[in-house]
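Notes to accompany the following structure.
Structure, rendered in structure tokens:
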């Protein structure tokens, strides 16, 4: 059994480019032993077949074992969420949430999303250089998640500041306390939203959860609050990251950029390939509810199992030429949105936002390119997330000096 420590995952080289190290791990065995992250050995899965097996095994799930109570931040709520339950409780929660994420409801958001994208790109068009993360990805995703959940416009900035703070943490001293405080403030904000939507219903998820579900499927107030908080934390940051990584990947592959620009129908597949090639979510944490054998690992009840999405998505046994960006790759069974019972419930909304931004970027700025003379885009990691801290671009070619 190959063993390694958290020093590898925390290194600047890993943040910049994790794939060579993950390939070396994968060359030894499907599962490695990771030490130092938790009080118990964490089983680190690095191949696609074992990852999909783990994500569909009912003995591996999201319900934290008792020993995790000393590790997880205490948000002040013990309510069940999609992020901390498994079937049948997870099924009940997902059934209540699903109508709010239905395809027709997400599709109805397209005009609003396009308006937000157009407004952001109007600002970009007036600049010689622009940071697409702060000028486009952040404001678009912030307003979309606010509209979707039912957050009043005045509170959208507060939410984005809190979620940004969560994802800037690097595991240093004091981070658990900071993380806990931010989670509690997000929960408090969602409690305020729930109270407002009781008296002032809107066309949003908070209203749907409060008024649409009935009988055994109805969520209590604590569950509605926790659901909104979980979606806010997970949905906002991953969408921002996806917009950034997908755009960056296209700009660094000019031959494919030209093809996608010439055929807008390729934008959707290109976003899918970006989810494989540079997934915003690098890992998925599960826990064993029973003893089991997973590939070469003998896992005991309560053990943590970490699925390396980045490693699985670059597995040469599942993907031809896995280190190449292929916009029209098909089939493309990546794990960028997870797999199985915990497949991302907001996947359609994230895809719509990313494709709307990229389609409009390529249409409005035919000479869009990474800004010359600037430092290389900087990657940052926080927990399972890996995203660009900034993405400086030039919307138009620099003027030629006389």
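Numbering (my numbering), first residue to last: 1004 to 1405. For every residue, glycine included, the Cβ atom is placed at its ideal position computed from N, Cα and C.
Original post:
From what residue to what residue does the alpha helix (DSSP H) around residue 1038 run?
Top reply: Looking at the DSSP string, residue 1038 is not in any alpha helix (DSSP H); the run it does join, the beta strand (DSSP E), is 1034-1038.
Original post:
Three or more beta-carbon pairs under 8 Å between the segment 1279-1294 and the segment 1307-1323, yes or no?
Top reply: yes
Original post:
Do you know offhand how far residue 1048's Cα is from residue 1030's?
Top reply: 12 Å
Original post:
Does the beta-carbon of residue 1004 have 16 or more other beta-carbons within 10 angstroms, so that it is buried, or is it exposed?
Top reply: exposed
Original post:
Where do the ends of the alpha helix (DSSP H) carrying residue 1052 lie?
Top reply: 1051-1058
**OP:** Would you decide whether residue 1145 is buried or exposed? Buried here means 16 or more other CB atoms lie within 10 Å of its CB.
**Re:** buried
Subject >> At least three beta-carbon pairs within less than 8 Å, the segment 1222-1236 to the segment 1079-1090 >> reply: yes
Subject >> Neighbourhood of residue 1357 by C-beta distance below 6 Å, restricted to the same chain and skipping five residues each side >> reply: 1245, 1246, 1249 and 1274
Original post:
Going by DSSP, what residues sit across from residue 1046 in a beta bridge?
Top reply: 1036 and 1308
Original post:
Cβ of residue 1361 within 7 Å of Cβ of residue 1270?
Top reply: yes
Subject >> CA-to-CA distance, residue 1128 to residue 1347, given in whole angstroms >> reply: 34 Å
Original post:
Which class does residue 1384 belong to by DSSP, given the choice of helix, strand or coil?
Top reply: strand
**OP:** Could you tell me the distance, in whole angstroms, from the CA atom of residue 1392 to the CA atom of residue 1202?
**Re:** 39 Å
Original post:
Excluding the five sequence neighbours on either side, which residues of its own chain have a C-beta within less than 8 Å of the C-beta of residue 1142, listed in chain order?
Top reply: 1119 and 1123
Original post:
Taking one C-beta from the segment 1332-1347 and one from the segment 1055-1066 each time, how about it: are there three or more such pairs within less than 8 Å?
Top reply: yes
Subject >> Neighbourhood of residue 1135 by C-beta, 7 Å cutoff - its chain only, sequence neighbours within 5 removed >> reply: 1247, 1250, 1394 and 1396
**OP:** Determine the DSSP secondary structure at residue 1395, reduced to helix, strand or coil.
**Re:** strand
**OP:** Taking residue 1014 as part of the beta strand (DSSP E), name the residues at either end of that continuous run.
**Re:** Note, residue 1014: premise wrong, no beta strand (DSSP E); not H, not E.
**OP:** Please determine if the segment 1322-1340 and the segment 1092-1101 are in contact, where contact requires at least 3 C-beta pairs separated by less than 8 Å.
**Re:** no
**OP:** Determine the closest residue to residue 1039 out of 1283, 1066, 1011 and 1131, with distance taken between C-alpha atoms.
**Re:** 1011
Subject >> DSSP state of residue 1027 mapped onto helix, strand, coil >> reply: helix
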